[in-house]
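Trainee:
In the working numbering, the protein residues as written are 159 to 423.
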């Protein structure tokens, strides 16, 4: 999927639970509305789009069906998710416009200037060397191409780092957390222009609190029915940590949009 160290991904049970919480095809919150929010004023109709960390493939269906992307190429390091996403595209008869590739960590396997837009939703948190990844995104975008990213970020306040660490430990993933200001500085140094930043902390803090209520009720009961009581309780325990991290401001989901200049350095 991406350069350097990459978090190993989502076992089948975890992917199933997340889709039960966030919707079929989605391993992160917000669904189609949040995808539209990531795009902002950028129109992807008729464009070639790369989706980094395509997961279960729900976002790619939305990009094609709702936003008119000409072709979406989704890449992921998890073979189970690549298979799941490809099966969804075939079932919906969108496999002529959506393709998936299982990739290894390292440089992106595409020539320079391959895509009109690079999209990613809540996946770059899994990547260790984000500077290398964003440089690769810049390389594979054509001049004038769009960077359209939503990701899980952390506060700049070092006093909140213990809550960030608690969230990462509870997640069971090898997340690498950086701040929105860090990403903004990086993409500007790489040569991106017209950088737009949007902090989504307040929105998801409220959403996560409602998700926790559902996990303590009927949603948790359904998880227990499918995967066992211990699995349901583990989700509640994680969401309690998540809600604390969001309420404190330690965890700050955000969007980053930018353009590769027509005359890139």
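Where a beta carbon is used, it is the ideal one built from N, C-alpha and C, also for glycine.
Helix, strand or coil, according to DSSP, for residue 279 in the structure here?
Mentor: strand
Trainee: Taking the alpha-carbon positions, what's the residue 163 to residue 288 distance?
Mentor: With a pLDDT of 47 at residue 163, under the threshold of 50, the modelled position of that residue is not reliable, and the figure given next carries that caveat. Straight-line Cα distance between these residues: approximately 10 Å.
Trainee: Give the straight-line distance between the Cα atoms of residue 264 and residue 378, rounded to the nearest whole angstrom.
Mentor: 38 Å
Trainee: Mind checking who residue 322 pairs with in its DSSP beta bridge?
Mentor: The partner list for residue 322 (beta bridge, DSSP) is empty, contrary to what the question assumes.
Trainee: Taking the alpha carbon of residue 208 as the reference point, which residue from 191, 286, 269 has its own alpha carbon closest?
Mentor: Nearest option by C-alpha distance: 269.
Trainee: Excluding the 5 residues flanking residue 415 on each side, which residues of the same chain have their C-beta closer than 6 Å to its C-beta?
Mentor: These residues qualify, in order along the chain: 198, 306, 354.
Trainee: So, residue 443 versus residue 213, is the Cβ gap smaller than 9 Å?
Mentor: Shown here, the chain extends from 159 to 423; a query on residue 443 therefore has no answer.
Trainee: Count the other CB atoms, across all protein chains shown, that sit within 10 Å of the CB of residue 187; report buried if there are 16 or more and exposed otherwise.
Mentor: Flag for residue 187 reads buried.
Trainee: Considering only residues of the region 167 to 217, which uninterrupted beta strand (DSSP E) runs meet the minimum length of 3 residues and lie entirely inside it, listed in chain order?
Mentor: With a minimum length of 3 residues, the continuous beta strand (DSSP E) runs that stay inside the region 167 to 217 are 206 to 210.
Trainee: Taking all protein chains shown into account, decide if residue 395 is buried (16 or more other Cβ within 10 angstroms of its Cβ) or exposed.
Mentor: Exposed.
Trainee: In this structure, does DSSP put residue 358 in helix, strand or coil?
Mentor: coil
Trainee: Within 10 angstroms of the Cβ of residue 284, are there 16 or more other Cβ atoms? Answer buried if so, exposed if not.
Mentor: buried
Trainee: Once the 5 residues before and after residue 99 are set aside, which same chain residues still bring their CB inside 7 Å of it?
Mentor: This structure cannot settle anything about residue 99, because the visible part of the chain is limited to 159 through 423.
Trainee: Distance, Cα to Cα, residue 271 vs residue 261?
Mentor: It is roughly 19 Å from the alpha-carbon of residue 271 to the alpha-carbon of residue 261.
Trainee: Taking DSSP as the reference, what is the three-state secondary structure of residue 313?
Mentor: coil
Trainee: Sort 400, 231, 282 by Cα distance to residue 267 and report the nearest one.
Mentor: 231
Trainee: Can you give me the Cβ contacts of residue 254 inside the same chain, cut-off strictly under 8 Å, excluding the 5 residues immediately before and after it?
Mentor: Result list for residue 254: empty, nothing under 8 Å.
Trainee: Below 8 Å on the Cβ atoms is my contact criterion, and I expect residue 215 with residue 242 to pass it. Report the Cβ-Cβ distance as a whole number of Å.
Mentor: 7 Å
Trainee: Report the rounded CA-to-CA distance for residue 362 versus residue 401, giving the unit in angstroms.
Mentor: 9 Å
Trainee: Any chance the CB of residue 201 is under 8 Å from a heavy atom of the ligand SAH?
Mentor: In the structure shown, the ligand SAH is absent, as is every other ligand, since no ligand is present at all.
Trainee: Assign residue 413 to buried or exposed, taking buried as 16 or more other Cβ atoms, counted over all protein chains shown, within 10 Å of its Cβ.
Mentor: buried
Trainee: Just the Cα atoms here: how many angstroms apart are residue 382 and residue 369?
Mentor: 16 Å
Trainee: Quick one: complete beta strand (DSSP E) runs, 3+ long, within the region 333 to 394?
Mentor: 351 to 357
Trainee: Given a cut-off of 9 Å, decide if residue 210 and residue 276 are closer than it, judged by their beta-carbon atoms.
Mentor: yes
Trainee: Assuming residue 399 and residue 324 form a contact by the criterion Cβ under 8 Å, report the distance between their Cβ atoms to the nearest whole angstrom.
Mentor: 6 Å
Trainee: Looking at the structure shown, is residue 405 part of a helix, part of a strand, or coil, going by DSSP?
Mentor: helix
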